[in-house]
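Here is the structure we will look at, set down as structure tokens.
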Amino acid sequence: MVETNQNSQTSLDFNIEKFEPKNESEIQQIIKYCFKKNLPIEIVGTQTKQGIGKNLQCAKTLNMSQFSGIIDYKPEELYITVKAGTPIKTIQEELKKNNQHLAFEPINFSKIFKTNSNEGTIGGTLSCNFSGSRRFRVGSARDHILGFKGFNGKGEKVKSGGTVVKNVTGYDLSKLITGSFGTLVTLSEITLKVLPLEAETKTIIVSGLPLEHGLAIMSSAISSSNDPSGALYYPGNLRNNFVFNDLTHPGSITAIRVEGTKISVKQRIENLIEDLSLRDKKLAILDLTQSEIFWEVARSIEVFSKNDGNILRAVVPPSETLNLINRTKNFHPNYFIDWGGSLIWMELDYLSSQKIDQLRQRILAANGYITLIKSRESVKSSSEIFTIDPIKFKISQNIKKSFDPKRILNPGKMYTGI
Amino acid sequence: MSTLKMPRVDRQTLKNKDKIIVDISRFTRKQNILSENEELKPYETDGLAAYRQTPMLVVLPETTQEVSRILSYCNKNKIKVVPRGAGTGLAGSALPLADCILLGLGKFNKIKEIDFSNRCVVAQPGVTNLAITHAVQNKGFYYAPDPSSQMACSIGGNVAENSGGVHSLKYGTTTNNILGVEAVLIDGTVVRIGGKVFDSPGYDLLGLITGSEGLLCVITEVTVKILKKPDTVKAILLGFSSMEDAGNSVMKIISNGIIPAGMEIMDKVLLEATNNFSKAGYPLEAEAMLIVELDGTKSEVEELIKKVADICKENKCTSVKISKSDEERLKFWSGRKAAFPACGEMAPDYYCVDGTIPRSKLAKVLREITKLSKKYKLPVANAFHAGDGNLHPIIMFDANDKTSLEKTEKFGEDILKLCVKFGGVLSGEHGIGIEKRELMCEMFNDNDIQQQINIKNSLDPSSLLNPGKVYPILRKCAEEGRLHIHGRDKSKFSDIPRF
Chain A
1 MVETNQNSQT
11 SLDFNIEKFE
21 PKNESEIQQI
31 IKYCFKKNLP
41 IEIVGTQTKQ
51 GIGKNLQCAK
61 TLNMSQFSGI
71 IDYKPEELYI
81 TVKAGTPIKT
91 IQEELKKNNQ
101 HLAFEPINFS
111 KIFKTNSNEG
121 TIGGTLSCNF
131 SGSRRFRVGS
141 ARDHILGFKG
151 FNGKGEKVKS
161 GGTVVKNVTG
171 YDLSKLITGS
181 FGTLVTLSEI
191 TLKVLPLEAE
201 TKTIIVSGLP
211 LEHGLAIMSS
221 AISSSNDPSG
231 ALYYPGNLRN
241 NFVFNDLTHP
251 GSITAIRVEG
261 TKISVKQRIE
271 NLIEDLSLRD
281 KKLAILDLTQ
291 SEIFWEVARS
301 IEVFSKNDGN
311 ILRAVVPPSE
321 TLNLINRTKN
331 FHPNYFIDWG
341 GSLIWMELDY
351 LSSQKIDQLR
361 QRILAANGYI
371 TLIKSRESVK
381 SSSEIFTIDP
391 IKFKISQNIK
401 KSFDPKRILN
411 PGKMYTGI
Chain B
419 MSTLKMPRVD
429 RQTLKNKDKI
439 IVDISRFTRK
449 QNILSENEEL
459 KPYETDGLAA
469 YRQTPMLVVL
479 PETTQEVSRI
489 LSYCNKNKIK
499 VVPRGAGTGL
509 AGSALPLADC
519 ILLGLGKFNK
529 IKEIDFSNRC
539 VVAQPGVTNL
549 AITHAVQNKG
559 FYYAPDPSSQ
569 MACSIGGNVA
579 ENSGGVHSLK
589 YGTTTNNILG
599 VEAVLIDGTV
609 VRIGGKVFDS
619 PGYDLLGLIT
629 GSEGLLCVIT
639 EVTVKILKKP
649 DTVKAILLGF
659 SSMEDAGNSV
669 MKIISNGIIP
679 AGMEIMDKVL
689 LEATNNFSKA
699 GYPLEAEAML
709 IVELDGTKSE
719 VEELIKKVAD
729 ICKENKCTSV
739 KISKSDEERL
749 KFWSGRKAAF
759 PACGEMAPDY
769 YCVDGTIPRS
779 KLAKVLREIT
789 KLSKKYKLPV
799 ANAFHAGDGN
809 LHPIIMFDAN
819 DKTSLEKTEK
829 FGEDILKLCV
839 KFGGVLSGEH
849 GIGIEKRELM
859 CEMFNDNDIQ
869 QQINIKNSLD
879 PSSLLNPGKV
889 YPILRKCAEE
899 GRLHIHGRDK
909 SKFSDIPRF
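Protein chains in written order, with our numbering: chain A, 1 to 418; chain B, 419 to 917.
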């Protein structure tokens, strides 16, 4: 029997497994139906990040990719409102027409997961909250969401926030739903802060430094008033991923990005070279075009896209990074370091849930956390993907219940029981 | 106390007061429990001084463990708890209840760690905002959010209210500048959220707690991010013959890709009042004045100052004055910071409204505010954080005149409704507290509010932590719970700059 909703002009066939709603009314009807029937739903966009988190086997799939489009863009107000299924690429192209961008550099996972979907959707990007090299300067996705509309696990439409940056009007649910992997709300509309594109970008690259020295340079650069917008380190074994006219020295890469007006960038590059005593080092300065390509490699974790290895993401206080890398040598990871020394991307040929636990213990001891990004299904199903302690687990369970009492939205995607 | 509807007083709790004192003294030193009327008096109000209520008890714990045991006891015995930092908040979020324990965090006043290598400071919640900057400025660092009450307001209170300041457009508010907290839930559970790293996995509990106005937990430690001070900071004063021209200039500056560190507009009334007060050298002939602050490297600041001046000239500015020294820059700001006391010179009482609107609506909203000023026959002076659209109209009135008081409240409400109507929000940085509680229905429908209340219930099922704040008690916009304010006391924290 085909069940249809009587209260709407659209008639939906609820017996199908995969829904592709085209408007809010359809999203609401589907969730209300699943709530009534206790049916778990997997919410997906263009599936570029579907591999992150536990694999789900839900009765229904809500594919949001057809719910796409720009609703309102006010360049002079520095915001854009879009439907949740809008591709990141579409948004960035639109913003570029007005010399603006999403400054948090959404991570493009399509290369490591070998998908090609215009870098995924904005809904997926916010649900995962993974942000790029500019993190320490401008914040992450959660710092750039101004407001949202969506549907909770009962199919009730809820909204929070607005279009302005200064807003203390009730709990900041925009932050709460960012990084919740679709387990609290199915996003429908999202308003994001946008920022002007900088006129000039240059990158200082110091070649051949040992890790300890590279980390020290990144730390000094960030702790200076030269206001860099990126600082990362690739060990020597990853050097051959980079072919640039101006990068001639061999060995490891320590890179500092500076963005701003032309005059400012020139001055700050000079200051950094002077302040960090880089003049006698193996130095290269990448211009705007080369810089864009260089940082794009980090944004798409491209150096780990060639192998089919396991990928982990560790975040520790920068002062702990050197020690941690030394203490994980026996795992033989390929690694590179972003966020000025705080974010460590690791690639391991062999991984087991036991190994993940051992790594997790070392990273927790360094006051950090680890997230399993990519692995075989057998490893994922038997491992903790995200780090959580029992107290926060209990709080998270309570919060989940307040949005989704029957646990039908992406159940178990982050943690078993949530 | 006004007739604002507050949660029902639990007579049984009041009857048990003596027993509660004995019980609580098992958890903290006896001298940390205040129960006599004269001891309680200083705690009967916060920065929204028109509302007063003596709490049943004030308890001033000294350790996280004490907070945990007190909260756990209150939860078991169904005793309401109102957390309080420095009590400088302007929305009444720390207003006591007659049957509550007011939990003052004033004894949590130590900076626990300064960590330059990870660019952060770990502080107890009672440490003042400015004390953090003072602790790190010897190495050229500072803490970015700078609410105007920063010399007095506490960092714990800043987290509870998601405080901003004049530099929010470029540097964000509290939520963008903290890395972690230690907090205690009503059942006594101590939880550490975040730490010295960004974006801890799982739900963003840090984001949820920040700005939750003491309804979800009591904060016992805060880890904040610190930044290196910029090389050069300069300010430029620009006079305009109309608010439209000033507003247009703000829009043009932003659309030219410039994000100033601070951008403030003052109207003629405030310009004159503050200039008389602090001799800041403002262009008195102007109808509106813009202060733009730019920071960065020397050459960058010079380049941007010139660009801003050019943009404003194209938008018919009538005067341009660039700070030649840091002293002069601070003098430019001194007038702006004296907005409250200057208004205090012009009328017996004043009331500062806080709402946010889209930047492009500044001139329009101001015209509407002028109309309202005529309608209510009450003078108003206007200050805006123009960069982020945060309005602070200051209504002048006489609290001894009951009609004037009622009109002021109505005027304030109308301004906030205007903010929402023009696409903005009810509060930019002061919070909702009790002040705007009943206006929440202007922005949110029943579903939206119920979802927020469900979150509250999931963490505090008996609604004991700061009940009666933020969410409308009656939940029907037609039945406004907010009524009269009596005897607004402008002397409360009148020495703290406000803007």
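Note that the Cβ used here is the ideal one computed from N, Cα and C, for glycine as well.
Residue i versus the options, residue with shortest Cα-Cα distance
{"i": "A/Pro390", "options": "B/Arg610, B/Ile671, B/Ser822 and B/Leu466", "result": "B/Arg610"}
{"i": "B/Ser630", "options": "B/Glu860, B/Ile775, B/Val500 and B/Glu763", "result": "B/Val500"}
{"i": "A/Thr81", "options": "A/Ser378, A/Lys193 and A/Asn118", "result": "A/Lys193"}
{"i": "A/Asn167", "options": "B/Leu877, B/Leu834 and B/Gly606", "result": "B/Leu834"}
{"i": "B/Ala601", "options": "B/Ser618, B/Thr628, B/Thr591 and B/Phe616", "result": "B/Thr628"}
{"i": "A/Tyr33", "options": "A/Lys60, A/Thr48 and A/Asn330", "result": "A/Lys60"}
{"i": "A/Asn330", "options": "A/Leu348, A/Asp338, A/Arg313 and A/Phe19", "result": "A/Leu348"}
{"i": "B/Gln568", "options": "B/Lys887, B/Lys525, B/Ala653 and B/Gly503", "result": "B/Gly503"}
Rounded distance between the beta-carbons of residue j and residue i, thought under 8 Å
{"i": "B/Lys614", "j": "A/Asn367", "result": "6 Å"}
{"i": "A/Leu409", "j": "A/Leu272", "result": "At roughly 47 Å, the Cβ-Cβ gap does not stay under 8 Å, so A/Leu409 and A/Leu272 are not in contact."}
{"i": "A/Thr163", "j": "A/Phe294", "result": "A/Thr163 to A/Phe294, Cβ: 34 Å. No contact."}
{"i": "A/His249", "j": "A/Lys282", "result": "4 Å"}
{"i": "B/Leu508", "j": "B/Leu466", "result": "6 Å"}
{"i": "A/Pro235", "j": "A/Ser252", "result": "5 Å"}
{"i": "A/Glu200", "j": "A/Leu146", "result": "Not confirmed; about 28 Å, so no contact."}
{"i": "A/Phe19", "j": "A/Leu62", "result": "5 Å"}
{"i": "A/Arg360", "j": "A/Thr387", "result": "6 Å"}
Chain A within 8 Å of residue i, Cβ atoms only
{"i": "B/Asp605", "result": "no"}
{"i": "B/Asn666", "result": "no"}
{"i": "B/Cys895", "result": "Residue placement at B/Cys895 is poorly supported in this model, since its pLDDT is 40, which falls under 50; the coordinates still yield a value, given next. Closer than 8 Å: no."}
{"i": "B/Thr774", "result": "yes"}
CB contact below 8 Å: residue i versus chain B
{"i": "A/Asn398", "result": "yes"}
{"i": "A/Tyr369", "result": "yes"}
{"i": "A/Phe386", "result": "yes"}
{"i": "A/Arg436", "result": "Missing from the structure shown is residue 436 of chain A; chain A here goes from 1 to 418 and no further."}
{"i": "A/Thr261", "result": "yes"}
{"i": "A/Arg135", "result": "yes"}
{"i": "A/Ser65", "result": "no"}
{"i": "A/Asp143", "result": "yes"}
{"i": "A/Val194", "result": "no"}
{"i": "A/Pro250", "result": "no"}
{"i": "A/Thr90", "result": "no"}
{"i": "A/Val44", "result": "no"}
{"i": "A/Ser342", "result": "yes"}
Alpha-carbon spacing of residue i relative to residue j, whole angstroms
{"i": "B/Arg447", "j": "B/Ile439", "result": "11 Å"}
{"i": "A/Ser207", "j": "A/Ala284", "result": "8 Å"}
{"i": "B/Phe829", "j": "B/Phe862", "result": "21 Å"}
{"i": "B/Ala896", "j": "B/Gly841", "result": "A caution first: B/Ala896 carries a pLDDT of 33, below 50, which makes its placement in the model unreliable, though a value can still be read off. One C-alpha to the other measures close to 21 Å."}
{"i": "A/Lys380", "j": "A/Leu351", "result": "10 Å"}
{"i": "B/Asn693", "j": "B/Leu790", "result": "25 Å"}
{"i": "A/Lys355", "j": "A/Arg239", "result": "27 Å"}
{"i": "A/Ser219", "j": "A/Ile269", "result": "16 Å"}
{"i": "A/Ser353", "j": "B/Tyr461", "result": "54 Å"}
{"i": "B/Thr463", "j": "B/Val783", "result": "32 Å"}
{"i": "B/Glu456", "j": "B/Lys839", "result": "45 Å"}
{"i": "A/Ile107", "j": "A/Ile344", "result": "14 Å"}
{"i": "A/Thr261", "j": "B/Lys716", "result": "12 Å"}
{"i": "A/Gln29", "j": "A/Gly155", "result": "7 Å"}
{"i": "B/Met474", "j": "A/Asp338", "result": "52 Å"}
{"i": "A/His101", "j": "B/His810", "result": "30 Å"}
{"i": "A/Ser277", "j": "B/Phe534", "result": "20 Å"}
* **Runs of alpha helix (DSSP H) lying entirely within the region 742-813 of chain B, each at least 4 residues, in chain order** => 744-755, 757-764 and 780-794
* Asked: Along the chain, which unbroken stretches of the alpha helix (DSSP H) at least 4 residues long are found entirely within the region 715-746 of chain B?
  -> 716-732
* To do: Enumerate, from N- to C-terminal direction, the unbroken beta strand (DSSP E) stretches of 3 or more residues contained entirely within the region 154-200 of chain A.
  => 157-161 and 186-193
* To do: Would you list, in sequence order, the uninterrupted alpha helix (DSSP H) runs of no fewer than 4 residues that lie entirely inside the region 30-85 of chain A?
  => none
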